[in-house]
Amino acid sequence: MPTSHLKNKFIKDHYDVVLVGGGIMSTTLAMLLHTLEPTLKIAIFERLGRFAKESSSAWNNAGTGHSAFCELNYTPMDSQGRISITKAEAIATQFELSRQFWAYMVERGFVSDPEDFITPCPHQSLVFGPEDREFLRKRFEAMLESPLFKGMEYSENFDKLREWMPLIMEGRSPKEVLAATRMEIGTDVNFGALTRKMGKFLLHESEVEIFLYHEVKDLDLISGGDWELEIRDRLHNTNHSTRADFVFIGAGGYALPLLESADIVQSEGYGGFPVSGEWLVSFSPELIAKHQSKVYTLASVDAPPMSVPHLDLRTIGGEQALLFGPFAGFSTKFLKEGSYLDLPESINFKNIRSLFGAWWHNLPLTTYLVQQVAMTKLQRMNHLREFVKDAREQDWEEKVAGQRVQIIKKDPEMGGRLEFGTEVVVGASGTIATLLGASPGASVCVSAMLEVLERCFPTRMEQGWKEKLQGMMPSYGKDLSKDPVLLHQVRSDTARILKL
């Protein structure tokens, strides 16, 4: 018997598109598809009672509008001392697409009050010591060659740094070797609020159906090329099924086991290792007044890129807070509200070699994670005091962030290797896709979902979708690093519409 949930909707026998998960990726793809072709029958299944309760939740990520302004791991230096800004330019370009689509939705009234989900927040990079200062200087010089980073400032001057980051500079000696860069046009993004705004719009669209407390448990490719989905109604403890022409798995940590259940060749050899994050959080008005930016530094030796220490200004629900971290935690769950059996149940004959290979070739990372998990609050406060010299324990509280699954891919030489980026995985038929990985994650949600459209709907793209997308996002398909006039136009337009 069919089940009802929102607006007396029932699970139909068939949909054009099924989206698994109610996070930033699924809702972004739903908005794109519905805008491009409003007659598509779309269903979204979310296992929890609200959209954006896992990785997209404001407290479960850093909220950085990742535009490569301050993230030092996006600009590696080779053995010859040369800085590559290729990745930084790519990520900055992708974030500009996100801004343009968000502005498009605001202009057309699809979402309201942009200040609820995006606010201005300068992005800064800070380094300590002569060697890292030289790296930052070279990075600054390299980045100034790209119009994407026009306006970036660099300083080693004590008074200037005190002006930029007064909280961090308190109690420091003018003789200490420091250097920093600053981009005034950085942003703080509440991806949870944005996701729920898109979900609210979709909820009232007749061709889009949203089912909360519904978990997709299994996927099977059946004759005719459709996907059959087994769905559990967690509220009423009943099982149901439906079919879909196309499936997108935007289920965060649960994307990996669902991809494996689909039994497609592209899923073979993938493994996952769950890593949770934890913050030190302060709501002290005195401290917040002294730190009105995001400050990133270099990751410690053997630490993964997503563990880069940063002290962030956040704006959540109209209130400001400071976050410091992330510190790594550990749970065998793939989601915060998952099962402790997630990790052991994910191991199989197809990925055991990948998992072992990645572990064997990353023993220092294992040591780092063990040390992080064992840290006490006092030890975390001592780490914070490298940034904020006189940080008081009573001003900071511990808060658990989101659960991430570190992706491990099959490698012919090492058995398995860790993947730290964001990767779209598409089945050979183009009728199923998912997103794996972490940083830059939500910031490039629009670019990632455009890749899904390009790879899974190539005919529709050529028959009109591409032209419509260029109308929504003027820089779509263009290289902003080589077009400063267009870059200035889209940044000015989106800043005005998004009230930045």
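The numbering of the sequence shown is this note's numbering, which starts it at 1253 and goes up by one. Every residue, glycine too, gets a C-beta built ideally from N, C-alpha and C. Keep in mind it's a predicted model, so treat the numbers as computed, not measured.
(message) Please classify A1541 as buried or exposed, where buried requires at least 16 other C-beta atoms within 10 Å of its C-beta.
(response) Here residue 1541 is taken as the residue at index 289 of the sequence shown, counted from 1. Exposed: under 16 other Cβ atoms inside 10 Å.
(request) Would you kindly work out how many angstroms separate the C-alpha atoms of A1643 and L1636, rounded to a whole number? (result) The residue given as residue 1643 occupies position 391 in the sequence shown. The residue given as residue 1636 occupies position 384 in the sequence shown. Computed Cα separation, rounded: 7 Å.
(message) If you measure between the beta carbons of S1695 and S1350, is that distance less than 8 Å?
(response) Position 443 of the sequence shown holds residue 1695. Position 98 of the sequence shown holds residue 1350. Yes; because the gap between Cβ atoms is below 8 Å, this pair is in contact.
(request) Give the range of the alpha helix (DSSP H) segment to which R1632 is assigned. (result) As a working mapping, residue 1632 is identified with position 380 in the sequence shown. Segment 1629–1636, the alpha helix (DSSP H) holding R1632.
(request) List the residues that DSSP assigns as beta-bridge partners of D1440. (result) Within the sequence shown, the letter at position 188 stands for residue 1440. Paired residues: T1316, T1371.
(request) Under 8 Å by Cβ, that's how I've got K1220 and L1288 pegged, so tell me the actual separation to the nearest angstrom. (result) Any property of residue 1220 remains undetermined from this structure, which presents the chain solely from 1253 to 1752.
(message) Just to confirm, is the Cβ distance from S1549 to V1533 under 8 Å?
(response) The sequence position of residue 1549 within the sequence shown is 297, counting from 1. The sequence position of residue 1533 within the sequence shown is 281, counting from 1. The sequence given here has Thr at residue 1549, not Ser. Taking 8 Å as the Cβ cut-off, T1549 and V1533 do not qualify as a contacting pair.
(message) Under DSSP, the alpha helix (DSSP H) around L1511 begins and ends at which residues?
(response) Walking along the sequence shown from the start, residue 1511 turns up at place 259. Note, L1511: alpha helix (DSSP H), 1507–1513.
(request) May I ask you to report which of helix, strand or coil DSSP gives Y1267? (result) Counted from its first residue, the sequence shown places residue 1267 at position 15. Of the three classes helix, strand and coil, the one that applies to Y1267 here is strand, per DSSP.
(request) With DSSP collapsed to three states, give me the class of I1462. (result) By 1-based counting over the sequence shown, the position of residue 1462 is 210. Strand.
(request) In the DSSP assignment, find the unbroken alpha helix (DSSP H) run with Y1356 in it and report its ends. (result) Here residue 1356 refers to the residue found at position 104 of the sequence shown. 1338–1359 is the span of the alpha helix (DSSP H), which, as asked, contains Y1356.
(message) For Q1376, count the other beta carbons within 10 Å of its own beta carbon; 16 or more makes it buried, fewer makes it exposed. Which is it?
(response) Here residue 1376 refers to the residue found at position 124 when the sequence shown is read from its first residue. Answer is buried; the Cβ neighbour count reaches 16.
(message) Contact defined as beta carbons within less than 8 Å: I believe Y1465 pairs with L1487. What is the distance between those atoms, to the nearest angstrom?
(response) As a working note, residue 1465 is residue 213 in the sequence shown. As a working note, residue 1487 is residue 235 in the sequence shown. Confirmed, Cβ separation roughly 4 Å.
(message) Just verifying my parser: in three-state terms, what is the DSSP assignment at N1409?
(response) Numbered from its first residue, the sequence shown carries residue 1409 at position 157. Looking at N1409 - three-state DSSP - the assignment turns out to be coil, as it is neither helix nor strand.
(message) Helix, strand or coil, according to DSSP, for E1289 in the structure here?
(response) Locating residue 1289 in the sequence shown gives position 37, where the first residue counts as 1. E1289: coil per DSSP, three-state reduction.
(request) Mind checking which residues open and close the beta strand (DSSP E) that includes S1493? (result) Counting from one through the sequence shown, the residue named residue 1493 turns up at place 241. Segment 1490–1501, the beta strand (DSSP E) holding S1493.
(request) To the nearest angstrom, report how far apart L1285 and L1388 are at their CA atoms. (result) As a position in the sequence shown, residue 1285 is number 33, starting the count at 1. As a position in the sequence shown, residue 1388 is number 136, starting the count at 1. Between L1285 and L1388, the C-alpha separation is close to 41 Å.
(message) So, does the region 1414–1423 touch the region 1639–1653, judging by three or more C-beta pairs under 8 Å?
(response) yes
(request) Check D1384 in the structure and name its three-state DSSP category. (result) To locate residue 1384, count along the sequence shown from 1; it is residue 132. Helix.
(message) Check whether the region 1405–1422 and the region 1323–1332 are in contact - that is, three or more C-beta pairs closer than 8 Å.
(response) no
(request) Figure out for me which residue from L1750, R1748, I1263, A1747 has the closest Cα to the Cα of H1492. (result) By 1-based counting over the sequence shown, the position of residue 1492 is 240. When only C-alpha atoms are compared, the closest one is I1263.
(request) Taking I1370 and L1702 to be in contact with their CB atoms under 8 Å, please state how far apart those CB atoms are, rounded to whole angstroms. (result) In the sequence shown, counting from the first residue as 1, residue 1370 sits at position 118. In the sequence shown, counting from the first residue as 1, residue 1702 sits at position 450. Actually they do not touch by this definition, with Cβ atoms about 19 Å apart.
(message) Taking 6 Å as the limit between beta carbons, can you name the residues of its chain near Y1728, skipping five residues before and five after?
(response) Here residue 1728 is taken as the residue at index 476 of the sequence shown, counted from 1. Correct list, in chain order: L1721, Q1722.
(request) Mind reading off the beta-carbon distance from G1502 to L1687? Whole number of angstroms is fine, and I expect it under 8 Å. (result) For the purposes of this step, residue 1502 is taken as residue 250 along the sequence shown, with counting starting at 1. For the purposes of this step, residue 1687 is taken as residue 435 along the sequence shown, with counting starting at 1. Going by Cβ atoms, the distance from G1502 to L1687 rounds to 6 Å, so yes, they are a contact pair.
(request) Look up G1577 in the DSSP assignment and give the residues it is bridged to. (result) Translated into positions along the sequence shown, residue 1577 becomes position 325. BP columns for G1577 point to H1562.
(request) Please classify K1469: does DSSP put it in a helix, a strand, or coil? (result) Residue mapping note: residue 1469 aligns to position 217 of the sequence shown, counting from 1. It is a strand residue.
(request) Below 8 Å on the Cβ atoms is my guess for G1317 versus G1438; work out the distance and round it to an integer in Å. (result) As a first step, residue 1317 is located in the sequence shown; it is residue number 65 there, counting from the start. As a first step, residue 1438 is located in the sequence shown; it is residue number 186 there, counting from the start. Yes, G1317 and G1438 are in contact; Cβ-Cβ is about 7 Å, under 8 Å.
(request) Inspect the beta-carbon positions of L1565 and S1545 and report whether they are closer than 8 Å. (result) Here residue 1565 refers to the residue found at position 313 of the sequence shown. Here residue 1545 refers to the residue found at position 293 of the sequence shown. Going by C-beta atoms, L1565 is nearer than 8 Å to S1545.
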